[in-house]
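Worksheet: one structure, shown below.
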Amino acid sequence: MKKATLTMLYLLMILSAVFCLAGCKTRTDEMVDLETYTTKQMNKTKKKVIKCMNEQDKEGLKKLFSKDAQKHIEDLDGKLDQLIGAFNGNKIESVYNKEPAFKGSEQTQPLHIYGDYTLKLSNGKKYILFINICDMDDDYQEKRGLFQLSLLAFSDEEIPENFRRNTTVDDYGIFVYTLEEAQNQ
Numbered sequence: 402m403k404k405a406t407l408t409m410l411y412l413l414m415i416l417s418a419v420f421c422l423a424g425c426k427t428r429t430d431e432m433v434d435l436e437t438y439t440t441k442q443m444n445k446t447k448k449k450v451i452k453c454m455n456e457q458d459k460e461g462l463k464k465l466f467s468k469d470a471q472k473h474i475e476d477l478d479g480k481l482d483q484l485i486g487a488f489n490g491n492k493i494e495s496v497y498n499k500e501p502a503f504k505g506s507e508q509t510q511p512l513h514i515y516g517d518y519t520l521k522l523s524n525g526k527k528y529i530l531f532i533n534i535c536d537m538d539d540d541y542q543e544k545r546g547l548f549q550l551s552l553l554a555f556s557d558e559e560i561p562e563n564f565r566r567n568t569t570v571d572d573y574g575i576f577v578y579t580l581e582e583a584q585n586q
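Structure below.
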């Protein structure tokens with residue numbers, strides 16, 4: 402009887418270990434899931450931002466910003482006008498991007514996602530757009546949403562050698578840089 406009990410105990414221990422190991426995700430699996438998630442979230446946000454810019458929908462663009470960012474961005478309406486005006490009525494025809502980057506995780510919130518895009522306009526020019534969003538923050542729901550848009554009204558090839566954006570990736574705001582301003586830095 403003891404032998405049968407011990408054998409059954411060993412068998413149960415082996416089965417429970419197998420189920421525990423099979424149920425655990427590796428760090429690599431978690432990172433792949435998070436990368437997939439952040440890519441989907443940034444793609445949704447990018448599409449909304451581009452749609453609002455093409456339709457010159459200032460109010461729609463404003464609504465994409467988190468409630469917290471709306472409170473902290475000085476002269477939000479004026480900066481939205483400047484951003485939309487930088488396109489001089491040209492439409493964004495195509496968008497090229499690198500994979501978005503992120504900081505944080507579902508466990509260590511907030512989760513900030515950063516996108517870097519090259520925009521091709523209807524007039525043939527290329528601009529660079531940086532989109533920063535806070536996607537998850539269970540403790541501060543008002544921080545969820547867009548919190549920074551930075552537009553370089555010139556292409557990668559035209560960036561002056563000494564050009565530096567005057568923002569960090571975590572600053573609230575809308576920042577528009579023209580080639581003339583960038584050359585005079």
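Numbering of the sequence shown is given in our numbering, commencing with residue 402 and proceeding in unit increments.
Heads up, the beta-carbon is just placed ideally off N, CA and C, and yes, glycines get one too.
Remember, predicted model here, so these are calculated numbers, not experimental data.
Extent of the continuous alpha helix (DSSP H) to which residue i belongs
i, result
"residue 485", "477-486"
"residue 471", "468-473"
"residue 526", "Here residue 526 belongs to no alpha helix (DSSP H), and DSSP marks it neither H nor E."
"residue 457", "No alpha helix (DSSP H) holds residue 457; DSSP gives it neither H nor E."
"residue 554", "No alpha helix (DSSP H) holds residue 554; DSSP gives it neither H nor E."
"residue 508", "Neither: residue 508 is in no alpha helix (DSSP H) and is coded neither H nor E."
"residue 581", "580-584"
Enclosing beta strand (DSSP E) for residue i [first to last residue]
i, result
"residue 517", "512-522"
Beta-ladder partner(s) of residue i, from DSSP
i, result
"residue 503", "514"
"residue 546", "535"
"residue 574", "549"
"residue 495", "521"
Candidates the options, of which the one nearest residue i by Cα
i, options, result
"residue 465", "487, 442, 553", "442"
"residue 517", "460, 435, 534", "534"
"residue 506", "555, 438, 571, 451", "438"
"residue 435", "543, 525, 508", "508"
"residue 579", "565, 571, 572, 492", "565"
"residue 495", "458, 521, 472", "521"
"residue 483", "584, 562, 519, 576", "576"
"residue 453", "469, 493, 573, 586", "493"
"residue 544", "586, 560, 471, 562", "471"
"residue 555", "451, 480, 582, 568", "582"
"residue 440", "498, 480, 451, 553", "498"
Cβ-Cβ separation, residue j to residue i (assumed contact under 8 Å), whole Å
i, j, result
"residue 514", "residue 503", "5 Å"
"residue 523", "residue 491", "5 Å"
"residue 538", "residue 584", "So it is not a contact: roughly 38 Å between Cβ atoms."
"residue 481", "residue 459", "5 Å"
Buried versus exposed, by CB contacts within 10 Å (16 or more), residue i
i, result
"residue 476", "exposed"
"residue 541", "exposed"
"residue 428", "Per-residue confidence for residue 428 stands at a pLDDT of 46, beneath the threshold of 50, marking its modelled position as unreliable; the derived number appears in the next sentence. Classification for residue 428: exposed."
"residue 446", "buried"
"residue 486", "exposed"
"residue 536", "buried"
"residue 525", "exposed"
"residue 549", "buried"
"residue 546", "buried"
"residue 501", "buried"
"residue 528", "buried"
"residue 573", "buried"
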